[in-house]
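Residue numbers (my numbering): 75 to 499.
Some notes on the structure that comes next.
Next up, the structure:
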């Protein structure tokens, strides 16, 4: 449960005040935009995507970068307003999505194209806000917060992401065992197909292995896929009950758009950044230089500091207002924020022209001794990730153990021919 601010403390730190959390509440502005689109149709159905993608991309160009950091040792009780924001979003999104499914599917003043266009915009909201908030919630210790995260994920029919984030991605990021790490030279469309095909399977296999280690059968109630399936069935059933076949179609449209946006952000956050393999065959520990970062002030408010991605991987238990902006010497920076870069990722030639040279510079900086990147870039088909150690009640996964010194040696860049080829970097 969220506990109220400690009113006994005479001088709480500045971060404990509501006004410090209010900039992150900009996401709430998307609610009236959705209602306007449903009420008036026409060009107003564009308000949500223009707000979520266009406005914040422009604001990042206007405002200076934000590299200020809060004290990471801030007490949990001083983060009440920040925690409340992510929690209250769940009932708000639930009521908005299903309220509009019921209303729009029976609205005579909206044509089918307008209805679908509106729910494309709803998907922008459930992707940029709902999925990002779910990511924050499922990493928390609180059972309530994890359940709220599950509800948000179920609203986009992507519930397996809780397992995939905590027990696959957080452990295996930057390796071939992580479906959510984009390979060097890979474009978003190939990445998206690979993640859709492999993400569910990897998550299922990890849970199955963990149940086996615990001596429990697959049908055990400890298998979270029971929860995932039940919640998703409820969401689909509600859409059908409220809007019939058309309501279900609209619900599926927003779910697909939301999933596309989540995977776009994942694609941007780790594109091409690989961990080297040590002599014992294990990957080196994940480091800050294995995630791309951005310091856009506006977009970090909307995405609740998701762009401080290196610090999240180093400290997955750290709440979003406490994530640290790291200097470029420690954590590689993108030329623009995640939103602008995600838009570029939709155009593979443009993306590769901007990011492949940056990736080569990254290799020269952090791995000047590596000559042969092929085993790290594409390697043999990855087996299912090894099961995580039994997870604490929080669902948090321990970081990989300290490793020995690396063994690979060589110059970073591939041969000149390879550098000219987009897929080969």
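Ideal Cβ positions, reconstructed from N, Cα and C, are used throughout, including at glycine.
The three-state reading of DSSP puts residue 351 in strand, counting E and B together. Straight across, the Cα-Cα distance linking residue 327 with residue 194 is about 6 Å. Between the region 308-321 and the region 267-276 there are fewer than three inter-stretch CB-CB distances shorter than 8 Å, so the stretches are not counted as touching. When the alpha-carbon of residue 273 is set against those of 255, 228, 223, 385, the nearest one is in 255. Within the region 168-228, complete alpha helix (DSSP H) segments of at least 4 residues are found at 186-199, 206-212, 217-228, given in chain order. Contact check for residue 369 and residue 141: beta-carbon distance about 5 Å, within the 8 Å limit, so the pair qualifies. Under the 8 Å Cβ criterion, the region 343-356 does not count as touching the region 204-219, having fewer than three qualifying pairs.
Here residue 251 is not bridged, per DSSP, to any residue.
Here DSSP, grouped into helix, strand and coil, assigns residue 395 to helix.
Between residue 202 and residue 397, the CB-CB gap reaches or exceeds 8 Å. Taking residue 303 as reference, the option from 234, 294, 359 with the minimal CA-CA separation is 234. Secondary structure in the region 245-326: the alpha helix (DSSP H) runs of 4 residues or longer, each lying completely within the stretch, are 262-287 in chain order. Per the coordinates, the alpha-carbon of residue 372 lies some 6 Å from the alpha-carbon of residue 133. For residue 379, no alpha helix (DSSP H) run applies, since DSSP gives it neither H nor E.
Contact check for residue 332 and residue 204: beta-carbon distance about 7 Å, within the 8 Å limit, so the pair qualifies. Not a single unbroken stretch of the beta strand (DSSP E) spanning 3 or more residues falls wholly within the region 84-170. Put simply, the region 388-407 does not touch the region 224-238. Fewer than three CB pairs are less than 8 Å apart. A residue is called buried once 16 or more other Cβ atoms fall within 10 Å of its Cβ, and residue 438, having fewer, is exposed. Under the three-state reduction of DSSP, residue 407 is assigned to strand. Per the coordinates, the alpha-carbon of residue 192 lies some 16 Å from the alpha-carbon of residue 128. Rounded to whole angstroms, residue 295 and residue 308 show a C-alpha spacing of 18 Å. One thing to note: residue 324 has its Cβ within 8 Å of the Cβ of residue 189. Proximity to residue 156 across 249, 207, 444, 120 peaks at 207, based on C-alpha coordinates.
Spatial neighbours of residue 148 in its own chain (CB-CB distance under 7 Å, excluding positions within 5 residues in sequence) are listed in chain order as 87, 89, 396. The region 96-108 makes contact with the region 154-170: 3 or more CB pairs, one atom from each, lie closer than 8 Å.
Taking 8 Å as the upper bound for CB-CB distance, residue 425 and residue 261 are in contact here, some 7 Å apart. In the three-state DSSP reduction, residue 442 falls in the coil class, being neither helix nor strand.
Assignment of beta-bridge partners to residue 357 by DSSP yields 351. Residue burial annotation: residue 365 is buried, with at least 16 other C-beta atoms found within 10 angstroms of its C-beta.
Excluding the 5 residues flanking it on each side, residue 330 has same chain C-beta neighbours closer than 8 Å at 197, in chain order.
Among the bridge pairs identified by DSSP, residue 367 is matched with 407. Put simply, the backbone Cα of residue 227 is about 29 Å away from that of residue 349.
If you draw a straight line from the Cα of residue 126 to the Cα of residue 287, it is about 44 Å long. Each residue's CA atom was taken as its position, placing residue 413 and residue 131 some 6 Å apart.
When the beta-carbon positions are compared, residue 347 and residue 185 stay at least 8 Å from each other. Ranked by how close their Cα comes to the Cα of residue 259, the residues 241, 108, 436, 422 have 422 in first place.
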